[in-house]
Amino acid sequence: MGRSVVQVMVYSQTPIWDAPWRNNSVGGSSGSGFVIEGNRVMTNAHVVGWAKQIVLRRFQDPRPWLAKVEHISHECDLAVLKVETPGFFDGLDSLTIGELPKVQSPVITCGYPSGGEQISYTRGVVSRIEMQNYVHIGNKAFLSVQTDAAINPGNSGGPVFQDDKVVGVAFMGIPGLENTGFFIPPSVIRHFLEDIEDGKYHGFPKAGVRIVSLQNPAYRKFLGLPPTGDGARIDSLADYTEKDGILKTDDVILEVGGHRVGSDGTILLKGNRVYCTAAFQEPQDGGMLKLKIWRDRKEIDVSVPMKVRKEEENTGNLYDALPRYYVYAGLVFTPLTLDYVKTFGRNWRSVANLEMIYELYYRKNEKPETARKEPVVLAATLAHPVNADIRLASRAMIDKINGKRIESLEDLIEALEKNEKKQHLIKFGSGTIESLNAEEANNAHKDILETYSIPSDRRL
Amino acid sequence: MKIIKSLLTAFAIAFTNQVSGQQTDKIETDWQNSIVLLDITRKNHNFRIPWDKRAQSVSKFGVVIKDKELITTATGLANHTLIRIQKGGRGKWTNGKVNWIDYQANLAVLGVESDDFWKDLKPVKFAESKKLKKNLQVIRWRGGNIEKRAAEFSRFTVADANFNQAPRIELKASSEIEGAGQAELMVSGDKVIGLVASKISGTCSVIPAPFITDVIRLRESNNYNGLGYFDFIWQPASNPAVTDYFKLEGEPRGVLVIKPGEKSPLKLHDIILEVDGFPIDIQGDYLDPDFGHVIMEYLACRHKWAGDIVNFKIWRDGKIKEIEFKLPKADFSDNLVTDRPNDVEPTYLIVGGLVFVPLSAEFLSSWGGDWQRSAPFRLVFYNNQKANKDQKSLVVLSLVLPDFYNIGYQQRSSQNIVIEKANGKLIASLDDLAQAIKSPKDGFHIFEFKKGSTLKKIILNAEKLDEANQRITKRYGIPKLQKLK
C-alpha cells in the first residue's frame, strides 16, 4: 500500500492582494498524495494551490517526476494531479476508496510528514464524525472525520487506510488541540471525483437556507406539529433561494435526501448524527434534492434543483485565479475580498472600517437590493505628483465615479475611461470625495506604470 | 571685571531660586484649604444583566469655588447614593449633595448643608486663557498630605465624546503622577489651570479653566443651556482638484461638507470658508487666539452654547454665502442608538426568559472602552445608521435565561439580535414591546427579528407565559420582570 503513496514537492507563489500585479517570493513546501484509478494522483488542494512547479517522489525512488494539477476543489481541499513524466505509474497500484469508517474503528495514516525523509505510518482510531469548517476555504463546512492518529504538516493529502482501502484524505489539525487530526471522508472524495468526470470542476451546490432546531413545544404547536418529534425549521433564506420560491421560511424539513431530520437539525449518517447540511451537499451541480417538508400543516414532497452558488465567494479564501485589478494614475482598484482585507494584518477585523465589513459580510443578507455585484476598493495609491493631493489613499470603498455607481471593476474602468469632463470625481463609501485632473491623470498614467513596473494597467 | 560680573550673576540666580522656592511652599499650604477628598457610593449597573445593581465606591477630588460650593468632574457621580466629603486630607467626613451636573460638559457642582464645613475653606482662582501652559503641577490629597507632581504642557485638542459628536476642548499635559484622572487639580502658581478628567499612559486630559469659569458663570446666571455641536460631517479640502471641481475661486481653503446634519442649514458639498470670522484651513483647523491651531469643531463651544448662533461663510453654487447656524443641543437621546449620559437606570423587559433591552450607548459600553471592536459587530454598526419615523430606536434580545419554556432558543445565535416585530407590531421601544405582549396571536407570542439576524423568529406559548415568568424570576433571583422607565 505504501508504494502507492507519494511525496508532493511544490514551489508556489501567492499574489499580493493590495499590489495585485506583484507576487510574494517563491516558497517551497511538501505534502503527500496517493495513486487513484485513471493514472492520477490525489492530494489536498492546499498542497498544490498557487503551485508553479509540482514534483512527485515515489516510494524509495530517488527520481523526480513532474506533475500538474488536473482538477482542484478549494472548497473541499482536494486535487487530482496528472504526471507529465512518462513511466511514473509503472509498478504502482491505484488505491480504492472505501466507506466511511465507524467511530472507534482503527485507521492508519500514511504520508511524508515533516521530521524525516522516509514514508511514515501512524495508527489511531476514529474519534468522531461531524460537520467541520474546512480551513482552506474558510467559509464552508463539510463532513470531516477526527482521529487521534498523528497528522502533521507534510501528511496533508496522504491517505488514511482501513482494511487496505482509503477511507480518507488527511488534511488538517486544529492549533492548540492535541491528538486531533482531521481527514476528508469518502463521501466528499467521491463527490469531487464524480464532479470532475465530465472534465470540469463545478463545485458543491448550496441550498441557501438557514436551518435551525425546532425544539420549542410552542413553535411546534404553532406549526401544527406534536410537542416532540422530528423536523428542523428553515429560519431564513438567501436572496436567491427566496427568488426561486421553492423553499419558504417556516418550512419544516422532515427528510432530506432520504435521511430523517431530527428536531436539532441532524440526520443519522451511517450511525453518526451529523448536521443535515451534509445531505444538502450530496447532489451534484444541477442535480435534484428530494425533501419531505411540513408546510401549512401538511407533509409535502419537494424537489429542489441544486446549484453551485458564487455569491459568497469573496468571504472565503481565493486561490489560483490571480486578483482582478485596475490601476489608473497610480490609484490601485481591486474587488473587496477576504484576501484583500487580510492584507491589513492578523487583526484585520479591528483595522478594516465598519462599512467594509458590513459590505463584505452583511449587506447581501440584510439589504440584497442595495448590494453590489462586486464591491470595489481603492487598495493603494502609488505616489506621483498627479495623485499626491489625494488624502484618502487606501483601504476605502468606492461608491461612485463620475456619477456612476460602481457595481464591478468593469463599471469603474468604464466610468474613468468614458469621462469627458475636465475632472474625475471619486466618491467613497464614507461620503468623502476626491478628484483628479483628467488630462494630467491620463498623461501620467503610462509613466506611473513604468515607474512601478506594472506590466499591465488591468487584469480582468 | 569679567570674573566679578559672572559671580554676581551666579549670586543673583541663587537668590531668585530661594525666593521662588519660598513662594511655592506658601502656595502649597494654601491648596490644603481648597481641595477636598470625595468618597462617592454609586449604583453600578450592568446593562447586560440590567436588574443587577452593584454598589461601587469612587474616590475623587473637588475644589472649592465661591458661594460655598465645590466643583468636580461629572465622572463617577451618575447613579450616586451617597457623597461624603473630607477636608484637610484627614479626619471627619461630611455628607454632600449634587447641586448641578452636566454630563456632556463633564462638570458637577456639589454643596454641603452645614455652614461649619466651609470654615477655613478658601475658593480657588482660575487661570486666564493665555496662562495655561507654564509651570504646571498636579495637586491632590495622598495619605493625608498634599501631593504635587510636575506636569508639562503638551497641546490643546478637541475630543469627541465616546459615542456622539459633542466636542470638548482638552488640555493635554504629560505627568508621571500615578492613577490620576479623578478631578485632581492642575495648577500653575496660585491659579487653577483645570481639572484632570482622565489620564492614559503618561498624558493627562484636563478640562481647562476658561471652560470651567464660563460654565460656572452661566450656571450662576441661570443661562446655561448645555453644549452645542456641529451636526454635519466634513472632509478636508486639501486636494485642489476637489475645490476646483466646486469652482472655488482663489487659494484652496476651507472644508467640504459630506454629510449635512438634520438640524443645520448646511447642505451637501458646501465648502466652509470661515466660522465666526476665523478662516478655516484645508485641514479643518483655525488659529485660535488662546489655544493655537485647533480643529474647527471647537468653534461650536468656544464661548458658545446650545441655541447660540455661529456665523458661517460658505461657498455654495459658485457663490460666497453667509449663513447663521443655530447650535443644536448636544443631546443624543434621539439617536438610533440612544445616548443619555445621565443618571439612567437600565431598562429591560423579560418575557419567558428572553431579556430585551434598548440598544443604547450604555449597553454597547458594557463591552468596555473598546466596545467598537469587542461588542457584536452588527450592534456596533447600528451606531452608523440613522433613526427614522418608524424606527426611532431599537430593542435587542440580549440574553435568554434558560428554562424549558424557552428551550430551542438558548443558543448563542439567539443573543444580541434586534427585534423587528412582536405579535405583528413594529417594535422601536420597550414600551412598544410591552404593549405588543398584551395581544398574543391565537395563543402564541411571535417575535420576529431583523433580516439577516442569526435567528429570525421565536414563538412562545402565551398561556403558559405567566407561569414561566414566575418560575424564571424566582430561579434567577430577579426582583422585577420589567423596568420600562
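Top to bottom, those sequences are chains G and A.
If you count by this note's numbering, then the first sequence holds residues 761 to 1220, one letter each, in order.
If you count by this note's numbering, then the second sequence holds residues 85 to 569, one letter each, in order.
All residues carry an ideal CB built from backbone N, CA and C; glycine is no exception.
Note that the structure is predicted; figures quoted are calculated from it, not measured.
Reference residue i, options the options, closest by Cα
| i | options | result |
| --- | --- | --- |
| V480 of chain A | A:V421, A:E346, A:Q367, A:W389 | A:V421 |
| R1218 of chain G | G:V815, G:W781, G:T1026, G:M1066 | G:W781 |
| K351 of chain A | A:A325, A:F316, A:G338, A:G402 | A:F316 |
| V786 of chain G | G:I776, G:G793, G:V795 | G:I776 |
| Q519 of chain A | A:K558, A:L568, A:N309 | A:L568 |
| D923 of chain G | G:E890, G:I1208, G:R883, G:P1145 | G:R883 |
| D999 of chain G | G:K1127, G:Y1118, G:S764, G:E844 | G:K1127 |
| I1166 of chain G | G:A910, G:P1135, G:F931 | G:P1135 |
| E1119 of chain G | G:P1095, G:R1106, G:L1142 | G:P1095 |
| T940 of chain G | G:T869, G:R950, G:P977 | G:T869 |
| I223 of chain A | A:I261, A:D401, A:L191 | A:I261 |
| I556 of chain A | A:N490, A:K476, A:I543 | A:N490 |
| I949 of chain G | G:G963, G:A967, G:F942, G:G928 | G:G928 |
| E1115 of chain G | A:A414, A:N468, A:S282, A:T178 | A:N468 |
| P363 of chain A | A:D392, A:I398, A:N545 | A:I398 |
| G437 of chain A | A:I404, A:L483, A:L279, A:I355 | A:L483 |
| F1240 of chain G | G:A839, G:R823, G:H834 | This structure leaves residue 1240 of chain G out entirely; chain G is present only between 761 and 1220. |
| K1182 of chain G | A:I133, A:V299, A:K331 | A:K331 |
| Y560 of chain A | A:R126, A:I133, A:L121 | A:I133 |
Distance, residue j Cα to residue i Cα
| i | j | result |
| --- | --- | --- |
| Q892 of chain G | F902 of chain G | 6 Å |
| K1052 of chain G | D990 of chain G | 11 Å |
| K1050 of chain G | G1017 of chain G | 5 Å |
| I1227 of chain G | N1113 of chain G | Any property of residue 1227 of chain G remains undetermined from this structure, which presents chain G solely from 761 to 1220. |
| L1078 of chain G | S143 of chain A | 55 Å |
| K812 of chain G | A459 of chain A | 43 Å |
| F237 of chain A | T327 of chain A | 36 Å |
| T165 of chain A | D423 of chain A | 22 Å |
| D123 of chain A | Q266 of chain A | 11 Å |
| C836 of chain G | A805 of chain G | 8 Å |
| G1031 of chain G | V905 of chain G | 13 Å |
| Q820 of chain G | Q878 of chain G | 8 Å |
| Q494 of chain A | F488 of chain A | 10 Å |
| R1132 of chain G | T1037 of chain G | 28 Å |
Three-way DSSP call (helix, strand, coil) for residue i in this model
| i | result |
| --- | --- |
| S874 of chain G | coil |
| T907 of chain G | strand |
| G146 of chain A | strand |
| K812 of chain G | strand |
| A98 of chain A | Because the pLDDT of A98 of chain A is 38, which lies under 50, any placement of that residue in the model is unreliable, and the number read from its coordinates should be weighed accordingly. Residue state, collapsed to three classes: helix. |
| K615 of chain A | Look at the range of chain A in this structure, 85 to 569, and you will see that residue 615 of chain A is not part of it. |
| P344 of chain A | coil |
| R1219 of chain G | strand |
| M932 of chain G | strand |
| Y1085 of chain G | strand |
| W177 of chain A | strand |
CB contact below 9 Å: residue i versus chain A
| i | result |
| --- | --- |
| V1137 of chain G | no |
| F1093 of chain G | no |
| E890 of chain G | no |
| G963 of chain G | no |
| L974 of chain G | yes |
| K1127 of chain G | yes |
| R1132 of chain G | no |
| S1195 of chain G | yes |
| R1069 of chain G | no |
| E1115 of chain G | yes |
CB contact below 9 Å: residue i versus chain G
| i | result |
| --- | --- |
| R559 of chain A | no |
| G345 of chain A | no |
| Y308 of chain A | no |
| V464 of chain A | yes |
| N468 of chain A | yes |
| S322 of chain A | yes |
| V326 of chain A | yes |
| N545 of chain A | yes |
Exercise. May I have a chain-ordered list of the beta strand (DSSP E) segments no shorter than 3 residues that lie completely inside the stretch 950–1031 of chain G?
Key: 969–972, 992–997, 1012–1016, 1026–1029
Quiz item: Using Cβ-Cβ distances below 7 Å, what residues of the stretch 336–370 of chain A are close to chain D?
Solution: The displayed structure is made up of protein chains G and A, and chain D is not among them.
Exercise. Within the stretch 365–450 of chain A, note down every full alpha helix (DSSP H) run reaching 4 residues or more, in order along the chain.
Key: 445–449
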